Every structure is written in C-alpha cells, then in structure tokens.
Amino acid sequence: MAQVVAVTGNEAVANALRQVNPDVCAAYPITPQTEMMQRFANFVSNGNVKTELILVESEHSSMSACVGASAAGGRVVTATSSQGLALMYEILYIASGTRLPIIMPVVNRALSAPLNIHGDHSDAMGARDTGWIQLWSENAQEAYDNTIQAFRIAEHMDIRLPAMVCLDGFIISHSIERIEYLEDEEVKKFVGEFKPLNPLLDTGHPVSYGPLILTDYYMEYRKAQDEIASKVSGIVLKVAADFEKMSGRKYGLFETYRLDDAEIGLVILNSAAGTSKDVVDEFRDRGIKAGLLKPRLYRPFPFVETGEALKHLKAVCVLDRADAFGGSYGPVFLDIATSLYPYKEKPVLINKIYGLGGRDYLPEHAELVLSELAGIAKTGSVRSYKEYIGVRE
Amino acid sequence: MKLKGWKELKPGAVITDAGNSVEFKTGSWRSFRPIWKEENCIQCLFCWIYCPDMAIKVKDGKRAEFDYDFCKGCGICALECPGKKGKKAIIMVEEGK
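Chain order of the listed sequences is R and W.
Under my numbering, the first sequence has 237 at position 105, and the numbering climbs by one with no breaks.
Under my numbering, the second sequence has 148 at position 53, and the numbering climbs by one with no breaks.
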C-alpha cells in the first residue's frame, strides 16, 4: 500500500534516495538543496542506509568523488543547486564522457550575480549540453518519481549516462505537498541490484579510466556518445511503463495537457506548468482551444516527438525561466523552434522570459500570454517575438 | 595498426587490457637518433640507469643495442655517457641524415 504523506520536495527526494540505498554519496551544502542532503545525512547517521557519505570541501570535489566512486563500481548520488552546479561544470563532462551513471537531484536556483537564492532554471540550463540526462519535475511527487526512475534509465546497459533530476528551488523544494510514497521493498525491487561496468575495484580485471584520446580517436568517442542519445527516449518510456504498473502514475517524454485539439499552446517546464494548466482550463471554459506541453525528458531532447505534438497548433508561446544572454531566445524556445523546423506548416512561435530569481509566476501572466496567442492565431500578426514578462519598466 | 570505428569502442574510453602501452611505439616521435659506439663503451650502464623509457637493452649483464621502437631521442644517455679517454660511446645524429 502506498503511504500518503505531507512533505517538502527536498524531503520526498531524500526519501527516494533512502529507499534506493546507494553505495556512495558525496555532497556539499548549498541553498536550496541543503535540506535534502541534510535529511539524507540523517538517514546515514541513523543507520537507515548503508551509504558511505563523503563530506567534501566543494562541489568540484563532490562531483570528483562521485566520478571516482562510480568508476570504482558503486551506485553513486549527490545533489546540488546553482553556484554548486556551476562549480561542478568541468567534472560534469568527465562523468558523462566516462559514461558513469551518477544520479544528481538539481534544486533549480538562479545564478549569481546579483546574488539570489530563489528558483529559476539558469543553473540546469547552463549544464544542458554536458551530456547528462535531464528529467524535469513539476511538483514533489514528480521529483520523487523521477528520482526513482532516473536510476533505471541511467544505469541501463545501453545508456550508462549520469542523470539530473530537476525541481524548482523553494517553490517545490521547501513547500509541503501531499504525495504518495512507494513501499521500500517496491522501490528496491524496481531499481534492482546495481550492475557495475568495468569497475576499478575488480582487481581480477584491471582497467584504466581517463586515458588521453587524441586526434586519432576523439571524434569516434564523441560519435559513440552522440549515438546513445537516440536510445534514451525508448528506455525512458519503457521504465515509465514499468513505473506505471507499480505506482499507477503515468509518465512520458513530456506531458501534454488538452493539446490534441488545441489551437494555441504554452510550452513550460516544472512548477509553473501547474499554474498554467489552471489557466488553460479557464480558457477552455470560455471556448478557446488552449493547451500545454510540459517537457520532462529535456536532455537528450526528444525533438521529433515534440515537433510532432506541437505542429498542428496555430500559435505557441515558449516560456523560459532562464535567458541565454547574447543569444537570440531562451534555451527552451531554441529547442522547440528546432523541433518544428522541418515542418512546412507550423505554429507561430513567441518567447517569454519569466520568473527569474524566483519572481512569482501568477495566473495573470498565463492569461496575458494565452490572450496574446489567441490574437496571433486570429490575425497572424506578432507584436514581439521575445520579451520579459512580470518585469517593471 | 588498423584504427577502430566508433561502434567498436568501449564505453567511456575505458582501457580493459592491462599493459598495452607496449603496443604504442613512441620511437616515431624521435628527431635525433642515439648511436652506440661499442669501441668507446666502458660498460658502466649509466645509459641504462638514466634512460626514462627503458630503451637501452641489457643482455647477460652487458650493454646491448637501443630499442628504437621506444627511444624518443631525448639524448639523456648521450649526455650522461662518460665514454673512454674523452670519446663518447653514445652520439646523437639527426634522423633522416
């Protein structure tokens, strides 16, 4: 029987990690993730898990320790936010290039400067092309469920890539929600025994990690890594199907909400999708065919499936909780635009930057955007392709 | 050695065959080649001690030929060689000459 609890997002994810009982966790505190690893440290101290907890002096060290422990043959986790993720940057590539299935919840927070501790997506967006899998989560339940599924996806023998599970700082990490926990035994059975691949600690079969690969082989290794991306979607769906059998909760590559017959739509990640769905309902009640697409597997990005799901709309707004300075549009917009590029008939696309540094995303914002889209669908004329919303002039 | 295609590679560039550096013939890096003049050799084996690449062969306790598959031509052996009566037993000559 599932246990219904009222917990914060951090507490839910920490509990998922307890249920998985990884071999090694190397962590460093950073707001708003701190509570998650603090709770996990309690599990270690109380003997609820057998995990070796390594308290390091920085996130560069925590990711480095994870790389070492994973290469040694362990099931390895860490967690971080914002500046911490930025400090890991160099080692993120080493984890993915070495094909180490490390699991890392990322509690999304704005980047400094100016210094800010609240939720936006600038941190994980900066790491989106590091070769890590990224699963994004709307609420505490999804963060809990994604964390459990991430182990099965990352550790699959056809993949062996590290994975981030993204959840919004404070909005999800520190808000108490009703969620359903799976039984410890169910989770244990679902993730299964960890199967190491070429572990360093197997002294009967000595191996070398991290060789110098020069002009004669570097491109071949990169091509091999690129090729794995095409396998991830299929395995994410298979794992989701198994998860649904166990939990009754359904997951896909992305969530579509009233999108099939929609004429206008929003594309939006994480917690703000929940607010947007309420407003989509209001528009539907007024007879306006609105819908929504919420990416879940954001890396590798399932661009074919996403384009297919959006191509029939008349106008779409992609809402980004991060900007790409000096680029043209926000990062999610660029991916959505690319997914629609091959189609002759496609929706008009606009981009709004919202909620930076934890600025509230309110139903009024979704209403304004959907009204603008309804106008574009009717007249075809666009006032502005990209703008900040919820900002003072 | 025939180079492998991307489908044949081990995940994460992990090397699973121990001691395979012997297959990587670094002698091709050499621009100067050491030449052994046996008549000036006093069998001190300084060259064997100093060589950073174990490219000086020793047979029955005596100095033998260079292992040119792995000698990178650094010249340390020629520098350290005391020779006999002021004449070096190892001299460096430019490759290709």
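Beta carbons are placed, not taken as given, at the ideal position from N, Cα and C, and that holds for glycine.
It should be emphasised that the depicted structure is a prediction, and the values quoted were computed from it without experimental measurement.
query	result
Cross-strand partners of R/Leu482 (DSSP beta bridge)	Checking the sequence, you will find Ile at residue 482 of chain R rather than Leu. Answer by DSSP bridge pairing, in chain order: R/Cys449.
8 Å Cβ cutoff, W/Thr111 in contact with chain R	yes
Min CB distance W/Trp124 to chain R below 8 Å	no
Amino acids of chain B, ordered along the chain, whose beta-carbon sits closer than 7 Å to that of R/Glu222	Structure shown: chain B not included; protein chains present are R and W.
Residue(s) in a DSSP beta bridge with R/Asp300	R/Asn240
Counterpart residues of R/Thr212 in DSSP-defined beta bridges	R/Val238
Neighbour list for R/His288 in chain W, Cβ cutoff strictly below 7 Å	Per Cβ cutoff of 7 Å: no residues; R/His288 is ~12 Å from chain W at best.
Partner residues on chain W for R/Ile235, Cβ-Cβ distance less than 7 Å	Within 7 Å Cβ-Cβ: nothing; R/Ile235 doesn't reach chain W, min ~17 Å.
Touching by the beta-carbon criterion (3+ pairs, under 8 Å), the stretch 471-489 of chain R and the stretch 103-121 of chain W	no
DSSP three-state assignment for R/Ser340, whether helix, strand or coil	strand
Buried or exposed (CB count within 10 angstroms, at least 16 for buried), R/Tyr486	buried
W/Cys172 - DSSP class collapsed to helix/strand/coil	helix
Alpha helix (DSSP H) runs wholly inside the stretch 106-146 of chain W, at least 4 long, in chain order	141-145
Residue ranges of each beta strand (DSSP E) within the stretch 343-421 of chain R, 3 or longer	386-389 and 396-399
Residues of the stretch 329-345 of chain R with Cβ closer than 8 Å to any Cβ of chain W, in chain order	Leu329, Asn330, His337, Pro338, Val339, Ser340, Tyr341, Gly342, Pro343 and Ile345
Cutoff 8 Å: W/Pro147 Cβ touching any chain R Cβ	no
Inter-residue CB distance, R/Thr183 and R/Asn153 (contact presumed, cutoff 8 Å)	7 Å
Neighbour-count burial assignment, W/Lys197, 16 or more Cβ in a 10 Å radius	Because residue 197 of chain W is not part of the residues shown, which for chain W are 96 to 192, the question remains open.
Beta carbon proximity, R/Ala356 to chain W, threshold 8 Å	yes
Residues sharing a beta bridge with R/Tyr520, DSSP	R/Ile485
R/Gln273 - containing alpha helix (DSSP H), residue span	Ala272 to Glu287
Chain-order list of residues whose beta-carbon lies under 6 Å from that of R/Thr163 (same chain, five-residue window excluded)	Ile249
Within 8 Å, strictly: CB atoms of R/Leu442 and R/Ile468	yes
Cβ neighbour criterion (16 or more within 10 Å) applied to R/Leu424	buried
Residue nearest to R/Glu315 in terms of C-alpha spacing, selected from R/Ser177, R/Arg453 and R/Ala134	R/Ala134
Cβ-Cβ distance between R/Pro294 and R/Trp264 below 8 Å	yes
First and last residue of the uninterrupted beta strand (DSSP E) at W/Ile186	Ile185 to Glu189
Residue-level contact to chain W via CB, R/Tyr353, 8 Å cutoff	yes
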